[in-house]
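First comes the structure, then the notes that go with it.
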Amino acid sequence: MAATVVDRKGKGRAVDPDYDDLFPNITYKHLLQQNLGVRNPLRVVALCDSDAFYAACEQVRLKLDPSIPLVVQQWDALIAVNYPAREFGISRMDKIKDARKRCPDLVAVHVATYKEGDAEPKYWDNPDTETHKVSLDHYRRESMKIITMFKDGLPTAEVEKASIDEAFIDFTVPVRDILLKRYPYLAEVPPDAALGLDTPLPPPPPIDWTGLGNVIPVQPDVISSDEPAGEPANVASVTPAAAADIDDSNNCTTWHDVALSIAAELMKQVKKDVLEKLGYSTSAGIARNKFLAKLSASYKKKNQLNILRNAAIPNYLRPMAFQKIRFLGGKLGKVIAEEYDVSTVEDLLGVSLEEMQRKFGEGSIWVYEILRGIDRSEVKEKAAVNKSMLASKNLKRPVLKPSEGHHWIRVLAAELALRLNDAREENEGLWPKSLVLHVRQGYDSFKSKQAAFPFSRNVTVDVIAHAGDKLWRELVGTDASYKGNGMKITNVQLSFTGIEIMESGQRGIEGFLGARDGSGEKRKWEESPKKSNASASRAQSVEKRDVVGVESASNDHSFPCPRCKKAIKIPPIASHSSASDAADEEVQHAIGLAKQEHDDWHFAQDLARSPERPPPPKKKAKKKDKDKDKDGIAKFFVKK
């Protein structure tokens, strides 16, 4: 049963024993401390979700009126349906022919596809799945534009890309800065404060929620009729003014509410900028953590801003089907539902933490807290450089002999070339260490092969396809070696791994080859401003010596090792003109392999000299024994 506490205004406030952290005493320390971590009661997080993103991308690209019904198709299926098309009852579960029956004026755009021989994906009216491969490159680029606008518009906020159409934004720092400017009396602890920094803040001012967004009501009682199927059952059609009226003596305004209102102001402006400058509408949810922000983002759509106050959390979560919560909808959710014969969050609140941990292990405290709206995960900007890039194709018509696979190697190489070149526009020194080929035979048999990927001045489809073809011959064989042993490849993947940015001043393999640009001038990586003049001079002298050495002897190539100071020779290259592209490519490839092999030798020497050698790698457990090694809740998240 709910207890009652008396706040600083002398008003009674109901405290729900299952949600007893909703009204913490917010002190000067919480406001003024440097590190506003995940436990800070002033924390404010938003989840911004682009509305029908793929469809919006095509509508903007084609410069169509947003009121026109539009779908994006992939082969016969739909992968995006805009809101005007949804009014005709069209959903992503439909096939394109059924969608056209519901809406004869429907605009259907097939996602761009790669075809062998094309360096970039194109839009085709009727692409063939047996010759084409789907491309999402356009959507990735548009997604990055939106993320960039978030970062530019909110320079002190933390922005985390959650998916191609979603981003989390931690508003805590910019909100705190505005709080201190708007209410300067909070910047210093009162001289007569007996508890110093631990003194609670004075009562907050009233909040006018008008125009800020949809304030989720504390006591929802009217079910909205305009919500898409599958949304939380407790969403209510309540105006912001009506929601504010619910803020009675039992749910008085808090400083966290003030923080939410400031974040709503900032989010509203950013949403407006994205819509006006890029043409994309977004829906957003604002709450005290990532979990609740994501849930509240779907409260109302499209182009809506939803605000979940702490006081509204219990009644928002209780009626929700708990298996709709992320990570609770799979195996774990099914087991919990069967174990306790429950379906909603409220049904599970009666299960104690001790009982849950006894059945599902110590890690189940995460489930216990999520049901109560507690989530301490950080909003953390992801690395600017993805460590890997993957191009994959599920084959409707399997590859039955080796010669049939080279077509797909070139198609996948085109995608990798485009993505890597796009990434290198942001980071010029970006380069992958390895190229990996992965194939699946039937549905269970997997095998792969990888090799070092040599540096090249120009990343082209031919360069990647040449390396991919070599891996294909080594992994699959050739028609001459094929003995008709039932090869049936149903999936082909080509990927870059170990992608890194070269250090400033480092020229990589090009430095050893004396690479030149189109004007005939030697091309140099931008020198780091931190590098001393002396080290820069040494680098330039070594570079000059290396270039002279390579250019002077076309069949006696070598490169200097910066560690052992020796010139490492590579085997003679087949006779090409030293100025030809073919010879240059062969030299680059040979030097790349030799350098990697020599670096491995140094690594082995370092291990040999180390007083504590690492233990030998453990043998991989058999697949059937993996689940036995997992304890508690972890076994429900084993990847298949």
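According to our numbering, the sequence shown is numbered sequentially starting from 372. In this text, a Cβ means the ideal position worked out from N, Cα and C, and glycines have one as well.
For the pair E559 and D541, the CB atoms are not nearer than the 8 Å cut-off. DSSP, read as helix, strand or coil, puts R680 in coil.
Bounds of the alpha helix (DSSP H) holding V544 are 543 to 553.
Per DSSP, T868 is one residue of the beta strand (DSSP E) stretching across 860 to 868. Taken in chain order, the complete beta strand (DSSP E) segments of 3 or more residues contained in the segment 751 to 787 are 759 to 770. Remark: fewer than three beta-carbon pairs, one from each stretch, lie closer than 8 Å, so the segment 387 to 399 and the segment 414 to 426 are not flagged as touching. Three or more beta-carbon pairs drawn from the segment 566 to 586 and the segment 666 to 683 are found closer than 8 Å, and the two stretches are therefore classed as touching. The C-alpha of R432 lies about 11 Å from the C-alpha of V480. In this model, F826 and A427 are separated by some 38 Å (Cα to Cα). Contact between the segment 755 to 771 and the segment 709 to 722 is not established, with fewer than three Cβ pairs separated by less than 8 Å.
With fewer than 16 other Cβ atoms inside 10 Å of its own Cβ, Y556 counts as exposed.
Rounded to the nearest whole angstrom, the CA to CA distance from G734 to W843 is 43 Å. Spatial neighbours of V807 in its own chain (CB-CB distance under 7 Å, excluding positions within 5 residues in sequence) are listed in chain order as S819, Q821, S866, T868. In the DSSP assignment, R743 falls outside any beta strand (DSSP E) and carries neither an H nor an E.
The straight-line gap separating the alpha-carbon atoms of A836 and K753 is approximately 30 Å.
Bounds of the alpha helix (DSSP H) holding G524 are 508 to 524.
Per DSSP, the continuous alpha helix (DSSP H) segment holding D718 begins and ends at 716 to 719. In the displayed model, G656 falls within a strand according to three-state DSSP.
Beta-bridge pairing by DSSP links K504 to Y485. Secondary structure of C419 (DSSP, three-state): strand.
Judged by DSSP in its simplified three-state form, V431 adopts helix. Contact between W802 and E871 holds: CB atoms are separated by about 7 Å, below the 8 Å threshold. Inclusion of F424 and I535 in the CB contact set at 8 Å is warranted, their separation being smaller than that value. Assignment of beta-bridge partners to I872 by DSSP yields L801. The beta carbon of S805 sits closer than 8 Å to those of Q821, A822, A823, F824, F867, T868, G869, all from its chain and outside the five residues before and after it, given in chain order. Distance from the Cα of R697 is smallest, within the candidate group V722, L663, E709, for L663. Looking from the CA of M520, the closest CA among G744, V409, A538, L402 belongs to A538. Put simply, the segment 780 to 793 touches the segment 485 to 494. At least three CB pairs are less than 8 Å apart. Judged by DSSP in its simplified three-state form, A668 adopts helix. Per DSSP, I450 lies in no alpha helix (DSSP H); the unbroken beta strand (DSSP E) holding it starts and ends at 448 to 452. The beta carbon of N396 is closer than 6 Å to those of P571 in its chain, skipping five residues each way along the sequence.
Of the residues assessed, M464 falls on the exposed side of the cut-off, its CB having fewer than 16 other CB atoms within 10 angstroms. Spanning the alpha carbons of C623 and F693 requires a straight line of approximately 29 Å. Beta-bridge partners of S534 (DSSP): E537. Comparing C-alpha distances from P475 to each of I450, P440, T500, A655 shows the shortest one belongs to P440. Note that the C-beta distance between V863 and L766 is below 8 Å.
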